[in-house]
Amino acid sequence: MSEPRANGPELSVEVWRGRAEGRFQTYRVPLRPSQTVLDVVTYVQRRIDPTLSYRFACRVGMCGSCAMMVNGAPRWTCRTHVARVAKDRRLRLAPLRNLPVIKDLAADMTPFFDKWREAEARFLPSSPRAAATARIPPADPERAAADAAIECIGCGVCHAACDVVAWQPDYLGPAALNRAWTLVNDARDADRRAHLAAVAGDAGCHACHSHQSCATFCPKGLNPTASIAGLKRASALALLAGRL
Amino acid sequence: MDARVQGGAVVGGRRELWLFVLQRASAALLAPLVLVHLATMIYAIQGGLSAAEILARTRASVAWPLLYALFVAAASVHGAIGLRTIVREMTPWRGASLDAAAVAFALACLALGFRAVGALA
Ligand code: SF4
Ligand code: SF4
Ligand code: FES
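Those protein sequences? They're chains V and L, same order as listed. Numbers 1110 to 1353, taken from my numbering, label the letters of the first sequence in order. Numbers 47 to 167, taken from my numbering, label the letters of the second sequence in order.
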C-alpha cells in the first residue's frame, strides 16, 4: 500500500476486509485532535484504499447507519472519539456483530429489521389521519414509559451487544422489543394486545437475561432491559388475567 | 395479523409465558425457603444437635415436613424449567423430547425430595 506518510503521530488501524471469510488489514492513519472513528475509516477509504466498503450518512448521531465493532465493542463511529477508545494508538474495526457481513465494515441489517416486523413493532393506527390529534398528558405514566424508550435510531448497537441474540438467533432482540414496549404503552394504538402477543412467543421478551449489555452500549442512553422487563410484567399479568 | 396472532405464535408463546410465570412464582417461594433452610442448618450445627435430635424435632411437628415439602416442589419446578432454558440456549435440542426430559427431571426431583421429606415426618 502506498500510504501518504505523515510526520506526526500515527494510529495503527486493523480493518476487517472480506465477508464472513476475510482477514484484518492494517493501515496507518495520522492521529488528529478530536478525530472520530468514522473520520479514521473515511481517511482510509479516501486516501489509502478506495475499495474499502462502509456505511454512514448523517455524521452527527442521528441516522444510526455508522455502527461497527470498535476494539471489540459495538459503537456509533461518528460520535466515538479515537482518543476515548484507542489503546496504545491501536484500533481494530469490524462489522457489527450478530449480523451477516455484506463486505468489509458493512453489515447486512436485514435480519435486524425483520425482527422488528416479527415483534409487531410498528404502530397500528386506530383513527384516520384526518381525525383530531390525540391528547395525552405528558405526565401520563404510559406516556412516560413510552417516552423513555422512544428515541431509538435503529443503529443495531444493542443487537450486536446482546449475547442472547448470539445464542438464540431467532430471539427478537433488544431494539425490536424496546420499540414494542413503546407501542404497548401507546394509547393511540389500535391493538395493544397484538403487540404483547407478538413478543410473548418462543423467542420473545422472556428469553432476555436482563444482563444489560444493550443498555450499557446503546449510544442514545436508552435502557432496552427496562423495556423488556416491562413487557415481561405486562404479558404475565395479561396471561393471568386471561387476556392473552 | 390476527390469524397469525391466533395461530402457532401464541400457542407456543403461551407455553413459554406460563413457564416464565411458574419460574418467577417458584423463585418467589424459594427465596425465603432457602434463607430459612440455611439459617436452620447453621443454628442446628452450632447448637451441636445430633441427627437423632434433629429428627426428633422435625417428627414432632407438622410445620417442618410441610415446609420442606413446599421447598421440594418449588425446587423441582424451578430446576426443571431452568435446565430446559439452558439447554435451549446452549444446544439445538428443542421440542417435545426436551419438554419430556424436563418433566422427567422434575418428577425425579419430586420423588427423591419427597422420599427425604418422608423421613423427616
Ligand atoms: S438485557 Fe436482554 S436484550 Fe439486553 S443484552 Fe441482555 S439479554 Fe440482550
Ligand atoms: S435501542 Fe439504542 S442501541 Fe438499540 S438500536 Fe436503538 S438506539 Fe441503537
Ligand atoms: S453517521 Fe449517522 S449516526 Fe453515525
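The beta-carbon is built from N, C-alpha and C at its ideal position, and this holds for glycine as well.
- Report the three-state DSSP secondary structure of Leu-1281/V (helix, strand or coil). Residue numbering aside, residue 1281/V sits at position 172 when the first sequence is read from its first letter. Leu-1281/V falls in the coil class under three-state DSSP.
- Going along the chain, which unbroken runs of the beta strand (DSSP E) with 3 or more residues stay wholly within the stretch 1143-1189 of chain V? Counting only runs of 3 or more, we get 1176-1179, 1182-1185.
- Which of the three DSSP states, helix, strand or coil, is assigned to Pro-1237/V? Position 128 of the first sequence, counted from the start, is the residue given in the question as residue 1237/V. Three-state result, Pro-1237/V: coil.
- Starting from the C-beta of Cys-1261/V, find all residues in its chain whose C-beta is less than 7 Å away, skip the five residues before and the five after it, and write them out in chain order. Indexing the first sequence from 1 puts residue 1261/V at position 152. Correct list, in chain order: Ala-1284, Asn-1287, Arg-1288, Lys-1329, Leu-1331.
- Are there 16 or more other CB atoms within 10 angstroms of the CB of Ile-91/L, so buried, or fewer, so exposed? Taking the first residue of the second sequence as position 1, residue 91/L is located at position 45. Taking all protein chains in view, the Cβ of Ile-91/L is surrounded by fewer than 16 other Cβ atoms within 10 Å, so the residue is classified as exposed.
- Item | Interface partners of Phe-151/L on chain V, CB under 8 Å | Taking the first residue of the second sequence as position 1, residue 151/L is located at position 105. Residues of chain V passing the Cβ test: none, with the nearest at roughly 20 Å.
- Under a CB-based cut-off of 7 Å, is Leu-156/L close to chain V? Within the second sequence, residue 156/L is the residue found at index 110, counting from 1. Residue-level contact by beta carbon fails for Leu-156/L and chain V, as no gap is shorter than 7 Å.
- Query: Using a C-beta to C-beta distance shorter than 8 Å, which residues of chain L count as neighbours of Lys-1329/V?
  - Reply: In the first sequence, counting from the first residue as 1, residue 1329/V sits at position 220. By Cβ distance, chain L contributes nothing, its closest Cβ being about 28 Å from Lys-1329/V, past 8 Å.
- Query: Touching or not, the stretch 1236-1254 of chain V and the stretch 1311-1326 of chain V, by the rule of three or more beta carbon pairs under 8 Å?
  - Reply: Contact between the stretch 1236-1254 of chain V and the stretch 1311-1326 of chain V is absent, with fewer than three C-beta pairs closer than 8 Å.
- Determine the chain V residues that contact Val-67/L at a beta-carbon separation under 8 Å, and present them in chain order. Translated into the one-based positions of the second sequence, residue 67/L becomes position 21. Correct list: Ala-1345, Leu-1348, Leu-1349.
- Are the C-beta atoms of Ala-115/L and some chain V residue less than 7 Å apart? Counted from its first residue, the second sequence places residue 115/L at position 69. For Ala-115/L, the answer is no, since every Cβ of chain V falls outside 7 Å of its Cβ.
- Message: For Lys-1224/V, report the span of its alpha helix (DSSP H) as first-last.
- Response: Within the first sequence, numbered from 1, the residue matching residue 1224/V stands at position 115. Here the alpha helix (DSSP H) through Lys-1224/V covers 1219-1227.
- Query: What does Lys-1199/V pair with, by DSSP beta-bridge criteria?
  - Reply: By one-based count along the first sequence, residue 1199/V stands at place 90. It is Arg, not Lys, that sits at residue 1199/V in the sequence shown. According to DSSP, Arg-1199/V bridges with Ser-1121/V, Lys-1196/V.
- Task: List the residues of chain V that Leu-63/L touches, going by C-beta distances under 8 Å, in chain order.
- Result: Position 17 of the second sequence holds residue 63/L. The answer, in chain order, is Ala-1309, His-1315, Ser-1344, Ala-1345, Leu-1348, Leu-1353.
- the stretch 1188-1198 of chain V / the stretch 1142-1161 of chain V touching (three or more Cβ pairs under 8 Å): The stretch 1188-1198 of chain V is in contact with the stretch 1142-1161 of chain V.
- For Gln-1321/V, which three-state DSSP category applies? Translated into positions along the first sequence, residue 1321/V becomes position 212. Gln-1321/V falls in the coil class under three-state DSSP.
- Item | Beta-carbon contacts of Val-1273/V that lie in its chain and below 7 Å, excluding the five residues immediately before and after | Here residue 1273/V refers to the residue found at position 164 of the first sequence. Closer than 7 Å at Cβ, skipping near neighbours: Tyr-1280, Ala-1316, Cys-1317, His-1318.
- Taking Arg-61/L as the reference, which of Ala-121/L, Ala-77/L, Ala-142/L, Gly-94/L has the closest Cα? The count along the second sequence starts at 1 and reaches residue 61/L at position 15. With respect to the C-alpha of Arg-61/L, the residue from Ala-121/L, Ala-77/L, Ala-142/L, Gly-94/L having the closest C-alpha is Ala-142/L.
- Message: One question on the structure: do Ser-1162/V and Lys-1212/V come within less than 7 Å of each other, judged by their Cβ atoms?
- Response: Position 53 of the first sequence, counted from the first residue, corresponds to residue 1162/V. Position 103 of the first sequence, counted from the first residue, corresponds to residue 1212/V. Here Ser-1162/V is near Lys-1212/V, since their CB atoms are less than 7 Å apart.
- Message: Counting only Cβ-Cβ distances shorter than 7 Å, please list the residues of the stretch 1274-1288 of chain V near chain L, keeping chain order.
- Response: If you check each beta-carbon in the stretch 1274-1288 of chain V against every beta-carbon of chain L, the ones closer than 7 Å belong to Trp-1276, Gln-1277.
- Query: Can you find a CB in chain V that lies within less than 7 Å of the CB of Glu-99/L?
  - Reply: Walking along the second sequence from the start, residue 99/L turns up at place 53. No - not a single Cβ of chain V is within 7 Å of the one on Glu-99/L.
- Query: How about the stretch 118-130 of chain L and the stretch 1298-1305 of chain V: do they share at least three Cβ pairs that are nearer than 8 Å?
  - Reply: Counting Cβ pairs under 8 Å, fewer than three are found: no touch.
- Message: Less than 7 Å between the C-beta atoms of Ala-1216/V and Leu-1200/V, yes or no?
- Response: Here residue 1216/V corresponds to residue number 107 of the first sequence, with the count starting at 1. Here residue 1200/V corresponds to residue number 91 of the first sequence, with the count starting at 1. For Ala-1216/V and Leu-1200/V, no; Cβs fall outside 7 Å.
- Item | Reduced DSSP category for Ala-55/L - H, G, I as helix; E, B as strand; rest coil | On the second sequence, residue 55/L is found 9 positions in, with the first residue counted as 1. Below a pLDDT of 50, predicted positions are generally treated as unreliable, and Ala-55/L, at 45, falls in that range; no measurement from the model is reported.
- Below 8 Å on the Cβ atoms is my guess for Val-67/L versus Ala-1309/V; work out the distance and round it to an integer in Å. Residue numbering aside, residue 67/L sits at position 21 when the second sequence is read from its first letter. Residue numbering aside, residue 1309/V sits at position 200 when the first sequence is read from its first letter. Wrong, their Cβ atoms sit about 11 Å apart, outside the cutoff.
- Message: So that I know if they touch, is there some Cβ in chain L lying closer than 7 Å to that of Ile-1337/V?
- Response: To locate residue 1337/V, count along the first sequence from 1; it is residue 228. No, because no Cβ of chain L sits closer than 7 Å to the Cβ of Ile-1337/V.
- Give a single yes or no on whether Lys-1224/V has its beta carbon closer than 6 Å to a heavy atom of ligand 2. Residue mapping note: residue 1224/V aligns to position 115 of the first sequence, counting from 1. No.
- With a threshold of 16 other CB atoms inside 10 Å of the CB of Ala-98/L, please say whether the residue is buried or exposed. The residue you call residue 98/L lines up with position 52 of the second sequence. By the C-beta density criterion, Ala-98/L is exposed, having fewer than 16 other C-beta atoms within 10 angstroms.
- Counting only the same chain and skipping the five closest in sequence on each side, list residues whose C-beta sits under 6 Å from that of Gln-69/L. On the second sequence, position 23 is the one that residue 69/L refers to. Same-chain partners within the cutoff: Ile-127.
- DSSP state of Pro-1139/V mapped onto helix, strand, coil: On the first sequence, position 30 is the one that residue 1139/V refers to. Annotated three-state conformation of Pro-1139/V is strand, per DSSP.
- Query: Could you name the residues, in chain order, whose CB is less than 6 Å away from a heavy atom belonging to ligand 3?
  - Reply: After applying the 6 Å Cβ criterion, the set is Phe-1165/V, Ala-1166/V, Cys-1167/V, Arg-1168/V, Gly-1170/V, Met-1171/V, Cys-1172/V, Gly-1173/V, Ser-1174/V, Cys-1175/V, Trp-1185/V, Cys-1187/V.
- Quick one, are the C-beta atoms of Ala-1195/V and Trp-1125/V less than 7 Å apart? To locate residue 1195/V, count along the first sequence from 1; it is residue 86. To locate residue 1125/V, count along the first sequence from 1; it is residue 16. No, the Cβ-Cβ distance between Ala-1195/V and Trp-1125/V is not below 7 Å.
- For Pro-138/L and Arg-1168/V, the rounded distance between their alpha carbons: The residue you call residue 1168/V lines up with position 59 of the first sequence. The residue you call residue 138/L lines up with position 92 of the second sequence. Put simply, the backbone Cα of Arg-1168/V is about 41 Å away from that of Pro-138/L.
- Cβ atoms of Ala-1258/V and Ser-1336/V: under 7 Å apart, would you say? In the first sequence, the residue the question calls residue 1336/V occupies position 227. In the first sequence, the residue the question calls residue 1258/V occupies position 149. Pairing Ser-1336/V with Ala-1258/V gives a Cβ-Cβ distance under 7 Å.
- Cβ-heavy atom distance, Thr-1357/V to ligand 1, below 6 Å: This structure leaves residue 1357/V out entirely; chain V is present only between 1110 and 1353.
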